[in-house]
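As structure tokens, the structure follows; a few thoughts come after it.
Protein chains: 2
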Amino acid sequence: MIGKAGLFFTFTFSLFTFNMILSARWVLPLSAPPLLRGAVRICGDRIEAVGPLPRLLEESDGDSHLDLGNAILLPGLVNAHCHLDYTYLRAVGPDLDFPDWILELTRRKNTCAPDDFLNAARDGARECLRGGITTVADCTDSAHAAQALHEIGIRGISFPEVFGVDDRDPMEASLERLRQKEERLQPWLSDRVMPGISPHAPYSVRATLFEHLNRRSQDERLPLMIHLAESDDEVRALLGKQPWKSPIREGFVQWTAPGERPVAYMERLGLLRPGVTFIHCVQVTHEEIGRLAGSGAGVVTCPRSNAYLRTGIARLREMLDAGVKLGIGTDGACSSGPLSIFEEMRAAWLIQRSTGSPMTTRELVEMATHGGAKALGMEDQIGSLEPGKLADLTALSLDHPTTQGCEDPYDALVLCGSSESVLFTMVGGQAVWDPNRLFAGPCHAYSATEK
Amino acid sequence: MIGKAGLFFTFTFSLFTFNMILSARWVLPLSAPPLLRGAVRICGDRIEAVGPLPRLLEESDGDSHLDLGNAILLPGLVNAHCHLDYTYLRAVGPDLDFPDWILELTRRKNTCAPDDFLNAARDGARECLRGGITTVADCTDSAHAAQALHEIGIRGISFPEVFGVDDRDPMEASLERLRQKEERLQPWLSDRVMPGISPHAPYSVRATLFEHLNRRSQDERLPLMIHLAESDDEVRALLGKQPWKSPIREGFVQWTAPGERPVAYMERLGLLRPGVTFIHCVQVTHEEIGRLAGSGAGVVTCPRSNAYLRTGIARLREMLDAGVKLGIGTDGACSSGPLSIFEEMRAAWLIQRSTGSPMTTRELVEMATHGGAKALGMEDQIGSLEPGKLADLTALSLDHPTTQGCEDPYDALVLCGSSESVLFTMVGGQAVWDPNRLFAGPCHAYSATEK
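From first to last, the protein sequence lines are chains A and B.
According to the numbering used here, the residues represented by the first sequence are 801 to 1251, in order.
According to the numbering used here, the residues represented by the second sequence are 801 to 1251, in order.
Below, the structure written as structure tokens:
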């Protein structure tokens, strides 16, 4: 049997600053064309230079040098939407439609012990790390995901979820629940794990609550993450054309539907702006895509989750062409399966290509790195290999059984990438996933302790 | 770096007959409902019994017993269509349309040395084995794939491809090339690696050649494998509505198009019958699906390849409902990526579900095992766990980072399965892929030698 022990490592590290050069057959800065025999110089937690290997070696002042050989070195992948603490609820009810699936998820959640969620979040965070993910934007009911991100060493934003739409459920109760969640979050926050707020969705949060949280978000510069236009059921519920089943009470939610489509509703509430990230946006018109693009808000697509819940196919080609800040996320394991951005890119590629709106593999890798960073408002820090940005990197072997023979690095990542072929994952200059112990020799900034 | 050495093992084995019981949390016979805490008793190269673990232990006469714990034990996966010797041409020209892609593939093939193809076939066969595949139906230009199957120990049918449609290319030349290929194949044939013939496709093989090979197939009981109704271009070429670019000469193929759609053409030539397997069948009507179902011929779908080459979406739901003998294959790495049946099932699930024709995960596992065996005419020997059938098995860990939390075994296989979580692959009672050395203790029928 494959034991869990031995598969994962955590690292303790000192603040000692080191310089090192990492090189590989391919370096993908994302902000510039691929470099054949490229290299990246890292100083402490930052990228200092990116360029052809001979130039970086010439400029080097005794930096240690690690050559990855036949591999692709790229920015760490950005999982721009996840629910880490649902990792043990993997693949819940794959034959249910969306409203019934939410009810089933709620039922299954209620059968779990709190420890299950914490351990699930830890395993989910490790699973992300193994798959080259360096940043996770996580929506959560608890502080478990933030604790897991902190412990495992992945960068992240933890968005405590806010619910409250039923007329029988006072707004003060929603805000009190949020206050408690934020208090529990505090111990795990840092430069690496940052806070946000997630007003869950327009069918689960009332307008006055959205308005309150929008003001707080702007006053305190807290990012917001909102599930939007996910299903046709949601659109019909917002338009007042069908009732919405309550996940907490028997029967239907008691509310006055806004009478608008999702994007128009968000616009009226002043939420179409930078600092807000919308998840899914499957049920949007061409004109609504234009409004999203012009607003500066981010959008995150979760193709496997949309297929799973049969909510439709997001118009990714149109969004990219319109200039939407577009990232990609795994959503929770409950509606996708493995927490793998490789799987997610591949699903998007297959589905879009099969239905007549092909995307290039370059566009998908962009979505999974630079695009995700933009969608989360983090593009000044992460998402591309540029001097001054954080040293969040990963690398894919091209000598692995599933990648060998690939000529193009973007094709290799999207069509053949998997956790198996990830060589390491580095966050802020620290190799937090290093199964091949590449960094034991050249970089002494931290020491490995088996968990 | 992950070295290749150490990843793969080959086994030499004696003919010593052993009995053993394999058990797991889930046993999927495929011919019967899943067994919770089930077991399989193996005697030599055959399955002797399948049932609840307590019953098999009670009936046991000192058999060795290996419990796989939290895992799924199932029939080995059937990769019902592949081109192993193209493994190093992985992901060729993913932005080309079908006719131009064939030309690009031919161009790339001509730049490879013969040794490349042999090594590619070996690595491809190992990749299949790592992914739980125990049978490969391979179409090939050479004997390399048969040699690789023989060496690696996977079961397979090797179909030498026959081409010859151009009026300038005499039929005798096609038959002479086939004769030479069959001669080179001879040393690698056995009970495990069997021969077939692949008249390539209706746009690359003339009618008289099809007729000749159909007679030979029936006289010698040789299975046939034919690419059929793959693209709209093919249908239009057969109907005489557009010319077909020649892969070997400048310009277009010189031929008289049959003036019929693909299925009708095959029917007229007497090829709609048991013993013939058609690959792709994307461009088929509802009525043609009925004719395929009634004929006893097999059909193999390659969803990733169809998406890759933008040839359309196969009507799998209709085919299953009509009773077509339907298997699934990876096609060559040149038009898919990893040679993984997990990836292939997942692609089918995602694409069919996104486009309104959902399939259950049970149906997909059926296609990948029993269905593939039926499509290849091998269902009396492989494809399900039944007494008397060959002991071709694999197992998936449910404790792996990407599978943990799954409740349903079919969901786990289709949504979360990957080579990483495969515990072993057994062909004819021999563990030919055993990375965890599960079989070193209980079963001494063979000894491992690192390659």
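C-beta atoms are modelled at their ideal positions from N, C-alpha and C, and glycine is treated no differently.
- If you draw a 10 Å sphere on the C-beta of residue 1152 of chain B, you find 16 or more other C-beta atoms in it, and that means buried.
- Chain order gives the chain A residues near residue 1211 of chain B as 891 and 894, where near means a beta carbon separation below 7 Å.
- Shown in chain order are the members of the region 922-945 of chain B whose Cβ falls below 7 Å from a Cβ of chain A: 923, 926, 927 and 930.
- Of the residues A:893, A:887 and A:969, the one whose Cα lies closest to the Cα of residue 926 of chain A is A:887.
- Between residue 924 of chain A and residue 1232 of chain A, the CB-CB gap reaches or exceeds 7 Å.
- The beta carbon of residue 1204 of chain A sits closer than 7 Å to the beta carbons of 1198 from its chain, once the five residues preceding and following it are set aside; these are given in chain order.
- Minimum Cα-Cα distance from residue 1039 of chain A among the listed residues A:971, A:1064 and A:1049 corresponds to A:1064.
- Neighbours of residue 1204 of chain A across chain B, judged by C-beta separation under 8 Å: 887, 888, 890 and 923.
- Sequence-distant Cβ neighbours of residue 944 of chain A in its own chain, meaning closer than 6 Å and more than five residues away, are 885, 917, 918 and 921.
- Following the DSSP letters along the chain, one finds residue 961 of chain B inside the beta strand (DSSP E) bounded by residues 955-962.
- Between residue 878 of chain B and residue 1213 of chain B, the alpha-carbon positions lie close to 14 Å from each other.
- Note on residue 1224 of chain A: 16 or more other CB atoms within 10 angstroms of its CB, so buried under the neighbour-count rule.
- Within the same chain, 1003 come within 6 Å of residue 1034 of chain A by CB-CB distance, once the 5 residues on both sides are set aside.
- For residue 1216 of chain B, a Cβ of chain A is located within less than 7 Å of the residue's own Cβ.
- Rounded to whole angstroms, the Cβ separation of residue 1149 of chain A and residue 1164 of chain A is 6 Å, and the two are in contact under 8 Å.
- Of the other Cβ atoms in all chains shown, fewer than 16 fall within 10 Å of the Cβ of residue 910 of chain B; this residue is therefore exposed.
- Assignment of beta-bridge partners to residue 864 of chain A by DSSP yields A:820.
- For residue 1106 of chain B, the secondary structure class from DSSP, reduced to helix, strand or coil, is helix.
- With 16 or more other Cβ atoms inside 10 Å of its own Cβ, residue 1215 of chain B counts as buried.
- Rounded to the nearest whole angstrom, the C-alpha separation of residue 933 of chain B and residue 875 of chain B is 9 Å.
- For residue 1233 of chain B, no alpha helix (DSSP H) encloses it; the enclosing beta strand (DSSP E) starts and ends at 1230-1233.
- Taking a cut-off of 8 Å on C-beta distances, the region 1107-1119 of chain A does not touch the region 858-875 of chain A, as fewer than three cross pairs fall below it.
- According to the DSSP assignment, residue 942 of chain A belongs to no beta strand (DSSP E), since it is labelled neither H nor E.
- If you look at residue 1077 of chain A, you'll find it isn't in any alpha helix (DSSP H); it sits in the beta strand (DSSP E) that goes 1076-1080.
- In this structure residue 1098 of chain A touches residue 1077 of chain A by the C-beta definition: roughly 4 Å separates them, less than 8 Å.
- With the criterion set as a beta carbon lying under 9 Å from some beta carbon of chain A, the members of the region 1129-1141 of chain B are 1133, 1134, 1136, 1137, 1138, 1139 and 1140, in sequence order.
- A Cβ-Cβ contact shorter than 7 Å links residue 941 of chain B with residue 961 of chain B.
- For residue 1124 of chain B and residue 1010 of chain A, the gap between their C-alpha atoms comes out near 53 Å.
- Following the DSSP letters along the chain, one finds residue 1146 of chain A inside the alpha helix (DSSP H) bounded by residues 1141-1154.
- The C-beta of residue 955 of chain A comes no closer than 7 Å to any C-beta of chain B.
- In the structure shown, residue 1184 of chain A falls within a coil segment according to DSSP collapsed to helix, strand and coil.
- The alpha-carbon separation between residue 1080 of chain A and residue 1029 of chain A amounts to approximately 7 Å.
- In summary, the residues of the region 1071-1105 of chain B whose CB is separated from some CB of chain A by less than 9 Å are 1103 and 1104, in the order they occur in the chain.
- Within chain B, not a single residue places a beta-carbon under 9 Å from that of residue 1115 of chain A; the smallest gap is close to 13 Å.
- Nearest CB-CB separation between residue 908 of chain A and chain B: not below the 7 Å threshold.
- Considering only A:1031, A:976, A:1047 and A:1104, the residue with the shortest C-alpha distance to residue 1082 of chain A is A:1031.
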